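Those letters in the sequence shown? Residues 3 to 232, by our numbering.
Scroll down for the structure; my scribbles are underneath it.
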Amino acid sequence: MFVGHFAVGLAAKSLAPKVSLGTLILAAAFSDVLWILFFAAGIEQVVIQPGIMVANSLNLVYIPFSHSLLMDAVWGGLFAAIYFLLRQDSRGAWTLCIAVLSHWVLDWVTHRPDMPLAPGIDLRFGLGLWNSRLATFIVEGALWFGAIILYVRATQPARRSGVYAFWTMIVLLTSVWLISLGGEPPPSLRSLAIVNTVFFAIVEAWAFWMNRMRRERKSFGKIVQTNPVV
Numbered sequence: 003m004f005v006g007h008f009a010v011g012l013a014a015k016s017l018a019p020k021v022s023l024g025t026l027i028l029a030a031a032f033s034d035v036l037w038i039l040f041f042a043a044g045i046e047q048v049v050i051q052p053g054i055m056v057a058n059s060l061n062l063v064y065i066p067f068s069h070s071l072l073m074d075a076v077w078g079g080l081f082a083a084i085y086f087l088l089r090q091d092s093r094g095a096w097t098l099c100i101a102v103l104s105h106w107v108l109d110w111v112t113h114r115p116d117m118p119l120a121p122g123i124d125l126r127f128g129l130g131l132w133n134s135r136l137a138t139f140i141v142e143g144a145l146w147f148g149a150i151i152l153y154v155r156a157t158q159p160a161r162r163s164g165v166y167a168f169w170t171m172i173v174l175l176t177s178v179w180l181i182s183l184g185g186e187p188p189p190s191l192r193s194l195a196i197v198n199t200v201f202f203a204i205v206e207a208w209a210f211w212m213n214r215m216r217r218e219r220k221s222f223g224k225i226v227q228t229n230p231v232v
């Protein structure tokens with residue numbers, strides 16, 4: 003998925019308001035960040051194979067350290083532990099752990115059977131949502147739209163830039179996602195890694211900035227707290 007992973011970060015803000023949006027998005031996309039590092043180091047292998055799926059052209063040959071279920075659980079635990087040691091926020095730590103694990107679940111839904119279970123175990127899973135552009139548009143679009151609604155309900159702009167900059171990036175991410183549904187292969191894996199790194203750095207900078215430009219909506223917090231009583 004593309005915006006589906008960002009959707010997890012946006013939606014998680016309503017569950018863990020103390021955690022920066024930048025940290026939540028980083029957790030949700032952490033497997034892809036690791037893949038870029040492991041690919042650059044020659045530890046993992048991906049091959050461009052046009053037509054392998056309708057909405058994606060990457061053959062994930064060997065990615066057990068960044069994308070296997072077991073390792074995602076390990077990375078999620080480490081991510082959460084480091085956050086807890088720094089912030090002493092158990093709710094935020096659990097949310098971050100789940101956000102990291104969500105990456106495997108969402109990729110399992112979209113990928114062909116290439117999502118590994120664990121390093122050294124040749125079992126791979128995938129439901130193949132990317133074999134249908136329409137189904138991908140509906141499922142991922144619903145996640146994205148729902149996450150935006152949750153985030154907007156959970157936060158409010160602290161200043162006017164918290165409105166304009168937020169919606170500008172939302173439009174940009176949505177546009178890039180719609181273009182990506184075409185499944186056009188990248189010119190090279192190196193260029194893909196570079197572009198993804200720069201693009202993600204921009205999104206992260208925006209997300210951390212949004213955490214200052216938008217604050218928790220107090221009325222939303224009260225509603226969430228009173229629901230269990232009802």
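All C-beta atoms, glycine included, are put in the ideal place defined by N, C-alpha and C.
Only a predicted model underlies this, so the values are computations on that prediction, with no experimental measurement involved.
For Ser-92, the enclosing alpha helix (DSSP H) stretches over residues 92-112. Residues of the same chain with a CB within less than 8 Å of the CB of Val-197, apart from the 5 flanking positions on each side, are Pro-188 in chain order. The C-beta separation of Leu-88 from Asn-213 comes to about 15 Å, leaving the pair out of contact by the 8 Å criterion.
No residue range can be given for Pro-115, since it is assigned to no beta strand (DSSP E) and is classified by DSSP as neither H nor E. With a cutoff of 8 Å on beta-carbon distance, Phe-81 and Phe-40 are scored as not near each other. For Ser-70, the three-state secondary structure derived from DSSP is coil. Under the three-state reduction of DSSP output, Glu-46 falls in the coil class, being neither helix nor strand. Note that the C-beta distance between Ala-29 and Leu-152 is not below 8 Å. Around the Cβ of Thr-170, a 10 Å sphere holds fewer than 16 other Cβ atoms; the residue is exposed. Minimum Cα-Cα distance from Ala-57 among the listed residues Val-205, Trp-179, Glu-206 corresponds to Trp-179. Excluding its 5 nearest sequence neighbours in each direction, Met-3 has C-beta neighbours in its own chain below 7 Å: Leu-108, Asp-109, Thr-112, Glu-142, listed in chain order. Cβ contact annotation for Pro-52 (same chain, cutoff 6 Å, sequence separation greater than five): Ser-59, Pro-187, in chain order. For Leu-72, the closest of Ile-27, Thr-97, Met-55, Ile-123 by C-alpha to C-alpha distance is Ile-123. Leu-145 places its beta carbon 8 Å or farther from that of Ser-70. The residue among Ala-31, Ile-50, Leu-36 with its C-alpha nearest the C-alpha of Ser-193 is Ile-50. Apart from the 5 residues on each side of it in sequence, Thr-176 sits with its Cβ closer than 8 Å to the Cβ of Val-5, Trp-146 in its chain, given in chain order.
DSSP lists Ala-120 as the beta-bridge partner residues of Ile-123.
For Arg-216, no alpha helix (DSSP H) encloses it; the enclosing beta strand (DSSP E) starts and ends at 216-218. Rounded to the nearest whole angstrom, the CA to CA distance from Asp-34 to Tyr-85 is 19 Å.
In the structure shown, Val-35 falls within a helical segment according to DSSP collapsed to helix, strand and coil.
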